[in-house]
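Under UniProt numbering, think of the first position of the sequence shown as 1, with each following residue one higher. Each residue gets a CB set at the ideal place from its N, CA and C atoms; glycine is no exception. Being a predicted model, the structure only gives us computed values, none of them experimental. A quick write-up on the structure given underneath.
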Amino acid sequence: MRQLTQVEDSPKLTSHVYAQSHRLLFRGSLSIPDSRLLLDGLSFTIPIDNTRSPGINLLKNPLALALESMRGRTLALSGISRVDSVQLDRTAEVDVDVHPSAFISRLYFENQLCSAPINSPHGHTDNGIRITLGDPDCQDASDILIFGQLLETDHSHPTSSTSADTFSVLQLRAARILTLAPLQQPRLPRPDDPVPRFPPTLMCTKKRRAEESPSTRLKRRKEEAVLQNARNVMTRMPSSDVIWNANRPQMHSRTKTLEDDVFKVPPPPVLKGKGKAVDIAKELEKANKAVVKRAASDCLAKHGIHKVDADFKEIWGFVYRGTEFAMRHQMQSRAIDSRAAEKFAKVHAEMYVKGTIPGASGGVQEGRNRCNSINSRSSDNG
1 MRQLTQVEDS PKLTSHVYAQ SHRLLFRGSL SIPDSRLLLD GLSFTIPIDN TRSPGINLLK
61 NPLALALESM RGRTLALSGI SRVDSVQLDR TAEVDVDVHP SAFISRLYFE NQLCSAPINS
121 PHGHTDNGIR ITLGDPDCQD ASDILIFGQL LETDHSHPTS STSADTFSVL QLRAARILTL
181 APLQQPRLPR PDDPVPRFPP TLMCTKKRRA EESPSTRLKR RKEEAVLQNA RNVMTRMPSS
241 DVIWNANRPQ MHSRTKTLED DVFKVPPPPV LKGKGKAVDI AKELEKANKA VVKRAASDCL
301 AKHGIHKVDA DFKEIWGFVY RGTEFAMRHQ MQSRAIDSRA AEKFAKVHAE MYVKGTIPGA
361 SGGVQEGRNR CNSINSRSSD NG
């Protein structure tokens, strides 16, 4: 029984398989620029038990995918940056561990992150180590920042009273640096830019009316006065009897004459403008000359003399001037008769074309008497 008891009380050695709680993203070293020294012993892991970041999907985590794509390569150190000066993607952070045997790496991280007190209300260090993923000269390379984060103290297990000092645990975290969109600088104004205008005041409220100018106010008052007069006329329309009496013809309304009305002022005399009279006389003379010219041309055509003849121009001139001179008293006073002009042109044409005086049987005196009789008859007819 004793042996059985000793066997039962002795610890049993059994092998257990623990569930995987973290995923290893990258394990390698960090290269310092302008130096051949490498900071090795670095490992980047992310928890997959959904305790810190519930509902996280590794396939949608750009930092996890970028670190896994860097396996087998060396990370490049870019420098030291303040945590508050950059914008970090804190939705899916990655844990960073340094191997205990990597003394140079531990010393470098302690000097950069643990040398100054932590004053941030969020419990992270003021500075961080900036690392470039990929080629530093490439524009598409992304940067991450490694900083220290104080872990929450677990008070469920009280410490022994013998320990006088308690130490806080600083966990290294890595987060992706978000690239900010470049701020668009406002363009400087140019001389040809339009002058900015103030927005209209009527767009803010509908009850507010713009101030009227004096001319607009005066025009509105005149329109209101006309409308008021029209209303008064329409409301005071006369009756049908008054309209019928007004339409009746007025009998004996103007019985008084100018002689009976001693105070009657006679109308002013009608004034005739000299300019209009001169213009009428010129137009009348111009029309009479046209009648004489037509009569002379028709008379010569009857005698067989046309414009193509050599003597037409000279004979026509004598006939026209003789006829015009014979009717000179009628040229500016009244319109001459075309028949009288034809008779005078016929007399002159017979003298100049045939070379004889009309009525040659009676001699020259008889021809003159005949011309005088024609002139007197035309005067009486006019």
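In whole angstroms, what is the alpha-carbon distance linking residue i and residue j?
i	j	result
Ser361	Phe312	Reliability fails at Ser361, whose pLDDT of 44 lies under 50, so the model's placement of it is uncertain and the value that follows must be treated cautiously. Taking the straight line from one Cα to the other gives about 28 Å.
Val347	Val291	16 Å
His303	Leu284	29 Å
Gln149	Pro100	19 Å
Arg90	Thr179	14 Å
Asp192	Cys138	41 Å
Asp279	Met331	14 Å
Arg71	Leu107	24 Å
Leu38	Thr132	15 Å
Ala230	Thr216	21 Å
Leu58	Arg197	54 Å
Lys222	Ser213	15 Å
Gln87	Arg173	15 Å
Asp126	Val83	6 Å
Ser115	Ser85	20 Å
Ser338	Arg328	14 Å
Thr235	Lys219	25 Å
Gln228	Glu211	24 Å
Ser69	Gln112	27 Å
Ser333	Val308	35 Å
Ala175	Asn119	20 Å
Tyr320	Lys282	19 Å
Arg190	Arg23	59 Å
Leu183	Pro194	25 Å
Pro136	Ile177	15 Å
Ala340	Ala349	14 Å
Ser253	Asn232	For Ser253, the pLDDT reaches just 48, beneath the cut-off of 50, and the residue's location in the model is therefore unreliable, leaving the point undetermined.
Ala164	Ala102	Because Ala164 carries a pLDDT of 46, less than 50, the predicted location of this residue cannot be relied on, and no value is offered for it.
Pro117	Pro199	55 Å
Pro121	Gln185	34 Å
His306	Glu314	12 Å
Ala310	Lys293	19 Å
Asn61	Ser21	17 Å
Lys286	Val226	55 Å
Nearest to residue i by CA position, among the options, is which residue?
i	options	result
Val169	Asn127, Gly123, Val195, Asn111	Gly123
Ile48	Leu39, Arg27, Glu93, Arg36	Glu93
Gly134	Asn111, Asn127, Leu63, Gln171	Leu63
Ser80	Arg321, Pro117, Ser115, Gly128	Position check: residue 80 holds Ile in this sequence, whereas Ser was assumed. With distances taken between Cα atoms, Ile80 lies closest to Gly128.
Met351	Ser215, Phe318, Ala310	Phe318
Phe26	Asp34, Leu37, Pro33, Ile46	Ile46
Pro33	Arg130, Leu65, Gln112	Arg130
Phe325	Asn288, Gln228, Val86, Glu68	Asn288
Val353	Ser333, Ala340, Ala301	Ala301
Gly322	Val308, Asp309, Lys343, Lys307	Lys343
Phe109	His22, Arg23, Leu42, Ser333	Leu42
Given a cut-off of 7 Å, decide if residue j and residue i are closer than it, judged by their beta-carbon atoms.
i	j	result
Ser105	Val96	no
Cys299	Ala335	no
Asp40	Ser31	no
Ala295	Trp316	no
Phe44	Leu67	yes
Leu188	Gln171	no
* To do: Pair every Cβ in the segment 128 to 146 with every Cβ in the segment 72 to 91, then say whether three or more of these pairs are closer than 8 Å.
  => yes
* To do: With a floor of 4 residues, list each alpha helix (DSSP H) that falls wholly inside the segment 330 to 359, ordered by position along the chain.
  => 338 to 353
* Asked: In chain order, which beta strand (DSSP E) runs of at least 3 residues are fully inside the segment 79 to 116?
  -> 88 to 98
* Asked: In chain order, which beta strand (DSSP E) runs of at least 3 residues are fully inside the segment 121 to 152?
  -> 127 to 133, 142 to 150
* To do: Write down every uninterrupted run of the beta strand (DSSP E) in the segment 23 to 69 whose length is 3 residues or greater and which is fully enclosed by it, in chain order.
  => 38 to 47
* Mind listing, in chain order, the continuous alpha helix (DSSP H) runs of no fewer than 4 residues lying wholly within the UniProt domain "Sld7 C-terminal" (285 to 333)? => 312 to 326
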